[in-house]
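S.K.:
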Amino acid sequence: PNLMAVWKDKGESRSRVATLLPCSFQVGRLNREAVRGLWASLSLELYYFTNDDDERYSIQANTHLLRNLMVQAASPPLGYPLFLSNVTIVPP
14 PNLMAVWKDK GESRSRVATL LPCSFQVGRL NREAVRGLWA SLSLELYYFT
64 NDDDERYSIQ ANTHLLRNLM VQAASPPLGY PLFLSNVTIV PP
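When you read off a place in the sequence shown, starting at 1, and then add 13, the result is the number in my numbering.
Quick look at the structure:
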C-alpha cells in the first residue's frame, strides 16, 4: 500500500509518497535484578573506585546485557543527565 500527499508550498506544488514495507524486529525483556545489579556495580565504580572517565570501557563492555543503555537509564548522578528542550522546528 502507498500513501500520497500533495500540497502547495510558496506557490509550488509538492508531493510525497510513503510506501508500507515489511519489517522485522526483535523484542526483548530485561531482568529487573540484572539492571539493579549493573546499577550497583556502576555505583561502586563511580563512588568507591572514583573512575569518572566519560568513555569508561565498563559501560560498553557487556553488549549482551545492553549495559550502555542501562547505564544511561540510571538516575543521575549515576546515569547521564536528562536533556529537555522546547519544541524545535527545523526549516526544510
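Glycine is no exception: its CB is placed at the ideal position from the N, C-alpha and C atoms.
1. So within the region 18-66, which uninterrupted beta strand (DSSP E) runs reach at least 3 residues, ignoring any that extend past its ends?
2. Looking at the unbroken alpha helix (DSSP H) that takes in N81, where does it start and where does it end?
3. Do L91 and L55 have their beta-carbon atoms positioned less than 8 Å apart in this structure?
4. Given a cut-off of 8 Å on the beta-carbon distance, is the pair L79 and L57 in contact?
5. Is L97 buried or exposed, if buried means 16 or more other CB atoms sit within 10 Å of its CB?
M.R.: Looking at the coordinates:
1. 25-32
2. Within the sequence shown, numbered from 1, the residue matching residue 81 stands at position 68. 80-86 is the extent of the alpha helix (DSSP H) around N81.
3. Your numbering for residue 55 matches position 42 in the sequence shown. Your numbering for residue 91 matches position 78 in the sequence shown. Yes.
4. Your numbering for residue 79 matches position 66 in the sequence shown. Your numbering for residue 57 matches position 44 in the sequence shown. The Cβ atoms of L79 and L57 lie no closer than 8 Å to each other.
5. Start at 1 with the first residue of the sequence shown, and residue 97 comes out as number 84. It counts as exposed.
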